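Some notes on the structure that comes next.
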Amino acid sequence: MGEVYELLKDALDLPILQARRGSQAVVEQFKQLVNGVLLAGGSCWEGIDFPGDLVSLLVIVRLPFPVPDPVREARREQYPDLHSYIQAEIVPEMQQKLRQGFGRAIRTENDSCAVAILDPRAALDGRYHQSALDALPDGIPITTKIEDIEPFLRAHKSPDYFFRIPKIINTG
């Protein structure tokens, strides 16, 4: 996250904040900004609320798969093979965390936010593409084109929401 901060701090004309586990003060500071960027890891998905229209873009860098631990290892032994275990235990837990992350930005039917999932495992040809889609609310528009994001935001946010939307640079 520190590397992303270093890349963005000079590229964007917006305040950029980094939240770490237990950094509620940074989250509160972000809520007071008119425009800003909050960099936060998965630990920030729990217990944080962004009511109203505070978030315009939620970037999920990696699908939130659980970290292996002794309890999960013991559960894995109950399944005939690794694939069965992953489908029955790991994927549903990832989906629950993904819904939780999505829910940080979209709380009510009046909220709007673009969500970018950057993990290649969620790409069209990725192993967990359908699992990631199944975790998201029904009926939301899905795109693979970065060019669709700005028109989406402009269509769903009031004209005074942004004082300036930075130009999106597609490097790949």
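According to the working numbering, the sequence shown holds residues 6 to 177 in order. Think of the CB as a built atom: it goes at the ideal place given N, C-alpha and C, for glycine as much as any other residue. Since this is a predicted model, take the numbers as computed values, not measurements.
Straight-line Cα distance separating residue j from residue i
| i | j | result |
| --- | --- | --- |
| S163 | V60 | 13 Å |
| F55 | V120 | 14 Å |
| I174 | K36 | Since pLDDT at I174 reaches only 46, below the 50 mark, its modelled position is unreliable, and no value is offered. |
| I95 | D165 | 42 Å |
| I21 | R132 | 33 Å |
| E11 | L43 | 13 Å |
| D58 | Q92 | 35 Å |
| H88 | G47 | 25 Å |
Burial state of residue i (16 or more Cβ within 10 Å)
| i | result |
| --- | --- |
| S136 | buried |
| I122 | buried |
| G106 | buried |
| P69 | buried |
| Q100 | buried |
Sheet register partners of residue i (DSSP bridge)
| i | result |
| --- | --- |
| L22 | L43 |
| A128 | DSSP output for A128 lists no bridge partner at all. |
| V64 | A121 |
Beta-carbon spacing of residue i, residue j below 8 Å
| i | j | result |
| --- | --- | --- |
| L19 | G41 | yes |
| F157 | P146 | yes |
| M6 | Q34 | no |
Three-way DSSP call (helix, strand, coil) for residue i in this model
| i | result |
| --- | --- |
| P75 | helix |
| S28 | coil |
| R112 | coil |
| I170 | Low local confidence applies: a pLDDT of 48 at I170 is under 50, so the model's placement there is unreliable, with the coordinate-based value given in what follows. DSSP places I170 in coil when its eight states are reduced to three. |
| M6 | coil |
Residue i CB to nearest heavy atom of the ligand MG below 7 Å
| i | result |
| --- | --- |
| K162 | The ligand MG is not part of this structure, which contains no ligands at all. |
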